[in-house]
Structures are given as structure tokens and as C-alpha cells.
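Heads up: the structure comes next, in C-alpha cells.
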Amino acid sequence: MPASPSPDQRHGGVLCGETEETVRNLLKEQFGVELPEIKFYLGGKNRVYVYKSCEFDDIAFQRGIYFGTIEKDGLRLSIEGSFIVGKIAKKNVIELDAENFRRWMRGEDVEAGVEGYYIVKCGNYFAGCGKGNGRILKNFVPKDRRIAKF
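Position 82 of the sequence shown, counted from 1, bears residue number 81 in numbering that gives the first Met the number 0, the numbering being contiguous throughout.
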């Protein structure tokens, strides 16, 4: 799907032109979401950071929130990205029951008959993004954010 942005698609890390459009298209395709007020910044390893424009743009630009990663087959949202998008997402959101949510937060994959990237939630809490293969939803919760006893 999306390839790494070429140097001419980046201006000091800020996504511009075609690449920003790619991120916006992925959000619309995968989750049915538009975020016109959000600015995107591309860091290393195809990581996307976001911030809202304000009078402190220079500070925000340097300290944006890690939003997700552009993978070859779509956009994989971070936990923070899932909070930003999850409340308004119209598709590809999976609600886990309490037991599966505990397993998810411990870093385990869970059974789910879905394919592609899905925002994971339990009640009003969003817990990142998983990738389904039709049987299993692969967990991407970073080790340092997992909860051992939950």
C-alpha cells in the first residue's frame, strides 16, 4: 500500500502534498474519519506524529503526539492515535469483553474474526490498534505499556 515518503514529500519532517494526503486517505478508508484540524509530522521509521495548529507551532512541531505508523498495508494507530480517532471512527473498531481486554492489555493476541487494522476498545477506553487475519487480532501494545496484573 503506502510506500515510504520520498525526500521531496517531506519538508522538515512535516508531511506535505501527496504523503499527507496518503495519511488522510488511510484514515478515511480504514476508519471512516476525517481530521482536518490536525497536522501530521513524519518521524523516522514511518512514524506519524500529530499536533493541532496554534500560536506555539514550533513547540508543537517538535513535541507532537505519536499517532501511528505507516505500514505497507495500512496505518497502524498508537494507543494515543486510537483515542484521537476512536471516538469518531465509523468502522474498523472492535469492542472486547472484559476478559479479552485484560488479555489484550497483558500483550496477548485475541481471537477475532476480523481482517485488517482495527481500533481496540472496551467501554470508553481505547487501547491501540490490532491487525486481524480472520482468526486472530495481533497485539501491538508496546511491552512497556502492558499491564502484567490486570
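Idealized CB from N, CA, C, for every residue including glycine.
Hey, how far is the Cα of residue i from the Cα of residue j?
| i | j | result |
| --- | --- | --- |
| LEU74 | ILE93 | 16 Å |
| PHE195 | ALA126 | Here the chain covers residues 0 to 149 and nothing more, so residue 195 does not appear. |
| GLN8 | ARG23 | At GLN8, the pLDDT of 43 sits below 50, so the modelled position is not reliable; the number obtained from the coordinates is stated separately. When rounded, the distance between both Cα atoms is 15 Å. |
| LEU76 | ARG145 | 16 Å |
| PHE30 | ARG105 | 25 Å |
| LEU25 | LYS130 | 15 Å |
| LEU34 | TYR117 | 18 Å |
| LYS86 | VAL32 | 10 Å |
| ILE37 | ASN99 | 32 Å |
Figure out for me which residue from the options has the closest Cα to the Cα of residue i.
| i | options | result |
| --- | --- | --- |
| ARG46 | ILE69, GLU79, GLU33, PHE139 | ILE69 |
| TYR50 | LYS44, GLY43, PHE39 | PHE39 |
| LEU41 | GLY129, ASN91, GLY67 | GLY67 |
| CYS128 | ILE78, LEU25, LYS148 | ILE78 |
| ALA88 | THR21, TYR65, LYS71, VAL119 | VAL119 |
| LEU95 | LYS71, ASP72, TYR124 | TYR124 |
Mind checking residue i: buried by the 16 CB within 10 Å criterion, or exposed?
| i | result |
| --- | --- |
| GLU177 | As displayed, the chain neither begins before 0 nor continues past 149, which places residue 177 out of reach and without an answer. |
| LYS27 | exposed |
In this structure, what does DSSP give as the bridge partners for residue i?
| i | result |
| --- | --- |
| LEU25 | In DSSP, LEU25 forms no bridge with anything. |
| GLU19 | In the DSSP output, where bridge partners are listed per residue, GLU19 has none listed. |
| GLY129 | TYR117 |
(message) When you compare the region 108–117 with the region 127–140, are there three or more beta-carbon pairs, one atom per stretch, that lie closer than 8 Å?
(response) yes
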